[in-house]
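Anchor point for the sequence shown: position 75 equals 688 in this note's numbering, and the numbering is continuous, going up by one each time.
Heads up, the beta-carbon is just placed ideally off N, CA and C, and yes, glycines get one too.
To keep things clear, I will list the structure first and then write my remarks on it.
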Amino acid sequence: ELAASEAVAARARAELAAWEAENDAKAGEKNRLKVAARQAASAVAAARLAKEEHARAISSSVDPAMMKRAEAASAEDSLSMSDVPELVLHLSGGGDKRKEQAAAALAKLARNADNRVAIAKAGGIAPLVALARGG
């Protein structure tokens with residue numbers, strides 16, 4: 614009985630997908646309802662992503678805004694000395710991924726001698742050594 618129900622549900626899903634594809638083709642790409650539906654789907658996807666990022670930040674005991682700035686800093690080559698204190702904070706708290714991202718960003722910054730001094734002054738040496746030792 615369960616297998617039969619699953620088969621009926623699968624057929625219904627396939628028929629619905631075929632009907633939606635046919636209507637999409639008839640409506641055309643410029644149809645205002647279709648455009649609105651795409652925009653709504655995009656907004657929903659962005660909201661879900663933001664919710665997941667927020668939950669990840671909270672579970673890592675990191676302020677979500679701080680996490681976003683650190684991710685941006687580690688992803689871009691536009692790192693500066695002003696990012697050092699925040700990145701050092703990430704070495705001490707949060708999940709392993711956050712620590713790895715902060716360490717990678719600090720490694721980029723450490724190519725410059727002035728930045729190495731800033732990292733040391735911000736207290737980054739001890740957490741970097743601990744991270745390198747597996748902590």
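Span of the alpha helix (DSSP H), counted from its first residue to its last, around residue i
| i | result |
| --- | --- |
| residue 614 | Where residue 614 is concerned, there is no enclosing alpha helix (DSSP H), given that its DSSP letter is neither H nor E. |
| residue 728 | 726 to 734 |
| residue 751 | A query on residue 751 cannot be resolved here, the shown segment of the chain reaching from 614 to 748 and no further. |
| residue 723 | Where residue 723 is concerned, there is no enclosing alpha helix (DSSP H), given that its DSSP letter is neither H nor E. |
Chain D contact for residue i (CB, 9 Å cutoff)
| i | result |
| --- | --- |
| residue 654 | Given the protein chain composition of this structure (a single chain), no chain D is represented. |
Residue i and residue j closer than 9 Å at C-beta
| i | j | result |
| --- | --- | --- |
| residue 716 | residue 692 | no |
| residue 700 | residue 718 | yes |
| residue 662 | residue 694 | no |
Cβ shell of residue i (< 6 Å), same chain only, five flanking positions each side left out
| i | result |
| --- | --- |
| residue 697 | 731, 732, 735 |
Own chain residues within Cβ distance below 7 Å of residue i, not counting five before or after
| i | result |
| --- | --- |
| residue 704 | 712, 715, 716, 737, 740, 741, 744 |
Status (buried if at least 16 other CB within 10 Å, exposed otherwise) for residue i
| i | result |
| --- | --- |
| residue 629 | exposed |
| residue 702 | buried |
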